[in-house]
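Take a look at the structure below.
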Amino acid sequence: MFFKPKSDKQRGFTLIELLVVISIISLLSSVVLSSLNSARVKASDARHISSLKQLQTALSFYYDQFGSYPSGSGYDYGGSTAFETALTPLVTNNFISKVPHGYNYPNNAWPYAFWYWNGGITCGGIPPNGTYTLVFLSEKSTFNFPVYDVLSQGTRYCVNGS
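For the record, in the sequence shown the residue sitting at position 30 is 594 according to this note's numbering, with numbers rising by one throughout.
Structure follows, in structure tokens:
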């Protein structure tokens, strides 16, 4: 009979070594993915603050030219065009290039949206001042704006016109 003698050096990895490597890779990938999600949320919130500032500036220019704010009110979610319709005069008069939209969730589903109220609403306990109110949702960030309400998805902040 022909038998190969066992060598003192075995080739390959043991099962334990493979499991350790796989668990280290899994741990590292979960840390990286959570960091990426955090960065995505911060970038999204920063984009909405930028859009809010652009809307405020455009509304001020509109008021300076026409002596009033665009009529109508609207929400930007669920396929509704009321928000865009209410603020279309800002685009047609070249104060902004396009009306911003809420978060990139399916159909801008509630409550991931911008709101615009002509005449204003109570904002953070502050009664409306007759101008306008803008409301937006923040997923994680904290801002120095009055709080409209707090939901499981994040905090909605509001801003009254001046």
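Even glycine gets a Cβ: it sits at the ideal position worked out from N, Cα and C.
- Remark: C-beta atoms of Leu654 and Tyr680 do not approach each other more closely than 8 Å.
- Taking C-beta atoms under 8 Å as the contact rule, Gly725 and Gly688 fail to qualify, at a distance of about 14 Å.
- DSSP places Arg575 outside both helix and strand once states are collapsed to three, so it counts as coil.
- Leu583 has no beta-bridge partner at all, per DSSP.
- Between the region 701–715 and the region 586–601 there are fewer than three C-beta pairs closer than 8 Å, too few to call the two in contact.
- By the C-beta density criterion, Asn708 is exposed, having fewer than 16 other C-beta atoms within 10 angstroms.
- Asn708 carries a coil assignment under DSSP once its states are collapsed to helix, strand and coil.
- Out of Thr719, Thr706, Asp628, Ile586, the CA that lies nearest to the CA of Thr695 is found in Asp628.
- Around the Cβ of Asp713, a 10 Å sphere holds fewer than 16 other Cβ atoms; the residue is exposed.
- Burial check for Pro664: the Cβ neighbour count within 10 Å reaches 16 or more, so the residue is buried.
- In this structure, the CA atom of Gly576 is about 41 Å from the CA atom of Arg604.
- Per DSSP, Thr686 is not a residue of any beta strand (DSSP E), being assigned neither H nor E.
- The alpha carbon of Tyr633 has as its nearest neighbour, out of Ala650, Thr645, Gln618, the alpha carbon of Ala650.
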